[in-house]
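A.B. asks: Quick one: structure below, then a few questions.
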Amino acid sequence: CSLRSFSFEELAKSTGGFSEEIGRGSFGAVYKGKIGNNNRSIGVKKLEEKIDDEGEREFQAEITAIARTHHRNLVKLIGFCIEGSKKLLVYEFVSKGSLEKLLFYGETRLSWKEKMKLALDVASGLLYLHEECEVRIIHCNINPRNILMDEAWTAKISDFGLARLIRRGHSRTKIGDDGTSRYLAPEWQKEDASISVKADIYSFGVVLLEIICHRKSIEMNNISSADEILLSNWAYQCFASGQLNKLIAHDENDVDWKILEILVKVGLWCVQDQQSLRPAMKNVILMLEGLKDIPVPPSPARLVE
């Protein structure tokens, strides 16, 4: 992997003194910059300086692992900078911004075909991380802020800031909690939680339900009853009672009911509290593509300990 090493001065100059913040991920903010004679746009992630020595080792490992990943649904790492306590990552620039902006702050609503394409894009990126790259990577922080859209509206997963590397043959890893909590699987709540790829499947399910409904998974406003607060429970109620129409905007005309049902069923399987019930990513893709039957999902509701 040919990663370019930048000096801090180069990156400060290319970003105009880190003047245009275009996003925030775990570990730090991302700034827009331009490099080279052709003024190629880049995203420069400036890592917060509190990363200690362990962080430095992690940082080196993170760089190496990310640089080895090549997939159309992953944001590409171009280079890095380490100068003393200053650590930065340089990524390809992804022009249309985050899924978070698109879903919750944008004017446009996605069509059902676009929703399905988005789901398949993210699922393909995750399948690659889980099963196809040299070192298995659990992302651990899948949420709409970390899913970026390029000019062709292809979704790309960014920010492997939390990814712990797992050598093949070890299916679980331990990790400290950092991330957007509503996307975290329930096993994160447990002390000494062991986290597997199934935690990413859960987060993917939460994102999938948000894509379907253009709303956040926990919503106190803009709802008509307490049933609607937690999206996974509300989606299950609507599914179980045969009222999927309640999940979509009243003024929505061209509903593709077949796609809606597939997305809801897959989403509900992914957000099961019990890890063993959540499907593997390759099966998620087969179900989304209509190549595998989707059994009726059980209620995902949290099991009372």
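Using our numbering, the first residue of the sequence shown is number -9, and each one after it goes up by one.
Positions of the beta carbon are idealized from the N, C-alpha and C atoms, including for glycine.
Computed from a prediction, not measured in an experiment: that's the story for all the values here.
1) Following the continuous beta strand (DSSP E) through G257, name the residue where it begins and the one where it ends.
2) Since Y21 and E10 are thought to touch, with beta carbons under 8 Å apart, how far apart are those beta carbons, to the nearest angstrom?
3) Just how far apart, CA to CA, sit S101 and E141?
4) Give a yes or no on contact between the segment 131 to 149 and the segment 84 to 92, applying the rule of three or more CB pairs nearer than 8 Å.
5) From the DSSP output, which residues share a beta bridge with L79?
6) Under three-state DSSP, which class holds L195?
7) Which residues in the same chain as Y173 place their Cβ atom closer than 6 Å to its Cβ, once the five residues preceding and following it in sequence are excluded?
8) For R126, name the three-state secondary structure that DSSP assigns.
9) Which of helix, strand or coil does DSSP assign to V20?
10) Can you tell me which of K36, S4, A19 puts its alpha carbon nearest to the alpha carbon of N28?
11) Among C203, V256, D244, N273, which one has its Cα closest to the Cα of V286?
12) Helix, strand or coil for G13, going by three-state DSSP, please let me know.
13) Does K91 come out as helix, strand or coil in the three-state DSSP assignment?
14) How is the beta strand (DSSP E) around S184 delimited, first residue to last?
15) Taking C-beta to C-beta, are I191 and M271 nearer than 8 Å?
16) Determine, using beta carbons only, whether S148 and Y81 come nearer to each other than 8 Å.
17) Between V274 and A113, which are expected to be in contact by the criterion C-beta below 8 Å, what is the C-beta distance as a whole number of angstroms?
18) So H61 and Y118 are supposed to be a Cβ contact under 8 Å. How far apart are they, rounded?
19) Tell me, please, which residues DSSP counts as bridged to L64.
20) Over what stretch of residues does the beta strand (DSSP E) that includes G139 continue unbroken?
21) What do you get for T59, buried or exposed, if any count of 16 or more other CB atoms within 10 angstroms of its CB means buried?
22) If the criterion is Cβ atoms closer than 8 Å, does the pair G115 and K66 meet it?
23) Where DSSP assigns a beta bridge to R205, which residues make up the other side?
24) Out of K35, K248, I213, which has the shortest C-alpha to C-alpha gap to C71?
C.D. replies: Walking through what the data contain:
1) No beta strand (DSSP E) contains G257, which is instead part of the alpha helix (DSSP H) from 247 to 260.
2) 6 Å
3) 17 Å
4) yes
5) K35, F70
6) The sequence given here places Gly at residue 195; Leu does not occur at that position. The answer is helix: DSSP assigns G195 an H, G or I state.
7) N133, S193, V196
8) strand
9) strand
10) That would be S4, whose Cα lies nearest to the Cα of N28.
11) For the residues C203, V256, D244, N273, the minimum Cα distance to V286 belongs to V256.
12) Looking at G13 - three-state DSSP - the assignment turns out to be strand.
13) helix
14) 184 to 186
15) yes
16) Between S148 and Y81, the C-beta spacing is below 8 Å.
17) 5 Å
18) 4 Å
19) Answer is I147, bridged to L64.
20) Just to set this straight, residue 139 is Met in the shown sequence, not Gly. 137 to 139 is the extent of the beta strand (DSSP E) around M139.
21) Burial call: buried.
22) No. Outside cutoff.
23) Bridge partners of R205: none, in fact.
24) Relative to C71, the option among K35, K248, I213 whose CA is nearest is K35.
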